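**Q** Position one of the sequence shown corresponds to residue 1 (my numbering), numbered consecutively onward.
Backbone N, C-alpha and C fix where the C-beta goes; we use that ideal spot for every residue, glycine too.
Model, not experiment: these values are computed from the prediction.
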Amino acid sequence: MPMQLAQRLQQAQSTAWIDERRAMRRHLGLPVMMSSTHTRPSLAYMVDVSSVGCRIEGQVSFAIGSFAAIEVKGFTKFEGWVVWQRPGELGVEFAHPLPEPVVTHLEAFVH
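1) Tell me the DSSP secondary structure of A95 in three-state form.
2) Could you tell me the alpha carbon to alpha carbon distance between V82 and E107, rounded to whole angstroms?
3) How far does the beta strand (DSSP E) with V82 in it reach, from first residue to last?
4) Closer than 7 Å by C-beta to E93: which residues in its own chain qualify, once you throw out the five before and the five after it? Chain order, please.
5) For V47, verify whether its CB is less than 6 Å away from any heavy atom of the ligand MG.
6) According to DSSP, which residues form a beta bridge with R26?
7) With 16 other CB atoms within 10 Å as the buried threshold, where does L28 fall?
8) Out of V103, L90, R86, R40, which has the shortest C-alpha to C-alpha gap to T76?
9) Alpha carbon to alpha carbon, how far is P97 from V49?
Put into structure tokens, the structure is as follows:
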């Protein structure tokens, strides 16, 4: 796990974390398949996305710090680390930031 991610995870667990977005979010509602090396793929929804990460809703349960794969059928697969989780939703920080045209293309998938 990258050092920056580990530091942010520690900060999130030790303080009331302030929402400091590094990139603009786009609201989607895009169906995806989410999996890890320890779980079977399961249907979920990418409800928002930015160049640095996304929020997933659905019946998915991943430990914070888990490496996850998110597949958009007919497009591509994204990978990253789970950085927060609440019942029925979680946040993923992408392993590699997405170029803005990719984010725009994802938005076009649902509109």
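**A** Judging by the given coordinates:
1) coil
2) 22 Å
3) 76–86
4) L5, V52, G53, G80, W81, V83
5) Summarising the ligand content, the structure contains no ligands, and the ligand MG is consequently not present.
6) V49
7) buried
8) V103
9) 11 Å
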